[in-house]
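Undergrad: For reference, the structure I am asking about is given below.
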């Protein structure tokens with residue numbers, strides 16, 4: 549079960565359009581790097597695994613539970629020195645865990661909030677991909693804020709890969725806003741998700757456990773029908789099964805009629821099935837619900853080009869410029 553979960557959580561790396569000048573250079577991240585730790589895990593028969601972690605307060609490291617769930621042992625490594633936790637705060641369902649230590653001489657990051665985030669905000673992840681000996685940055689933007697159990701699951705274009713689970717997602721003020729956790733399965737364009745930082749503070753108010761035995765499966769590893777709609781819609785979309793994508797989107801809208809992403813995926817499916825009129829209506833509805841939904845505008849831009857609709861094109865470009873002027877220049881090349 550753990551191997552299957554890791555396979556789904558930790559795979560391919562993708563690259564996305566970004567304006568790099570506004571992101572911090574790697575040299576600016578040395579301070580943050582002091583708060584990042586490499587998580588090492590041991591299983592039976594000599595099997596080992598790795599992940600990422602971030603110091604969120606004195607002697608406490610946040611990471612993903614699936615990194616070490618049901619393992620024989622876990623420790624964190626910093627500058628070739630090993631530290632062994634004395635307890636773990638665990639929210640197995642949400643896949644968020646906090647390792648507690650009594651001798652971890654590392655600074656904590658600044659805690660931020662995910663509730664103030666907006667679509668297209670610039671962010672960056674800091675993780676240990678592919679067993680890198682040092683934490684490496686990955687830059688991107690907020691592409692989704694999916695309501696889930698009184699908070700939001702964050703989707704970002706800041707890509708991550710094997711070893712990145714439990715890493716840190718920061719805003720440009722270096723505040724911790726999320727924990728990098730899982731991505732969509734498959735080898736096509738990845739969808740990368742992080743848990744909200746607010747869950748960390750909530751978890752610290754619970755009682756720690758002294759073992760590594762999991763009591764629940766992560767919500768994102770459940771059978772498709774039990775997953776939230778924002779996850780159910782991805783696989784058929786990636787497989788270009790537009791009829792199924794449309795069906796999931798419609799069910800999503802029935803459950804959350806004012807969800808901009810639900811309307812976006814409905815419009816995307818309608819567009820791909822050549823129902824341009826319905827697609828325009830759905831995509832405009834998505835944008836009306838979230839005026840920073842650049843993906844909805846991008847699809848409308850494609851429809852306008854296909855139909856040579858200069859009025860629609862002008863409206864789309866005008867709204868795009870309010871969100872990301874450089875992106876407009878990028879797509880108009």
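Residue numbers (my numbering): 549 to 881.
From the three backbone atoms N, C-alpha and C, an ideal C-beta is built for every residue, glycine too.
If you're wondering where the values come from, they're calculated on a predicted model, not measured in any experiment.
1) Between the alpha carbons of residue 608 and residue 659, how many angstroms are there, rounded?
2) Between which two residues does the alpha helix (DSSP H) harbouring residue 779 extend?
3) Among all the DSSP beta bridges, which residues are the ones paired with residue 703?
4) Rounded to whole angstroms, what's the CA-CA distance from residue 865 to residue 788? Just pull it up for me.
5) Following the continuous beta strand (DSSP E) through residue 598, name the residue where it begins and the one where it ends.
6) How would you write the range of the alpha helix (DSSP H) that residue 753 sits in, first residue to last?
7) Any heavy atom of the ligand COA within a distance shorter than 7 Å of the CB on residue 583?
8) Where do the N-terminal and C-terminal ends of the beta strand (DSSP E) with residue 611 fall, by residue?
9) Since residue 574 and residue 685 are thought to touch, with beta carbons under 8 Å apart, how far apart are those beta carbons, to the nearest angstrom?
10) Kindly identify the DSSP beta-bridge partner or partners of residue 893.
11) Within 10 angstroms of its Cβ, does residue 569 collect 16 or more other Cβ (buried), or is it exposed?
12) Could you tell me the alpha carbon to alpha carbon distance between residue 682 and residue 637, rounded to whole angstroms?
13) Less than 6 Å between C-beta atoms, sequence neighbours within five positions excluded: which residues of the same chain meet that for residue 711?
14) According to DSSP, simplified to helix, strand and coil, what is residue 558?
15) Tell me which residue opens and which closes the alpha helix (DSSP H) that residue 632 is part of.
TA: According to the data block:
1) 13 Å
2) 777-780
3) 692 and 741
4) 27 Å
5) 596-605
6) From DSSP, residue 753 is part of no alpha helix (DSSP H); its letter is neither H nor E.
7) In the structure on display, the ligand COA does not appear, and there are no ligands present to speak of.
8) 608-612
9) 6 Å
10) Since the first and last residues shown for the chain are 549 and 881, residue 893 lies out of range.
11) Note on residue 569: pLDDT 45, under 50, position unreliable in the model; the coordinate value appears next. That one is exposed.
12) 26 Å
13) 598, 676, 677, 678 and 679
14) At residue 558, the pLDDT of 36 sits below 50, so the modelled position is not reliable; the number obtained from the coordinates is stated separately. Coil.
15) That residue, residue 632, is in no alpha helix (DSSP H); it is neither H nor E in DSSP.
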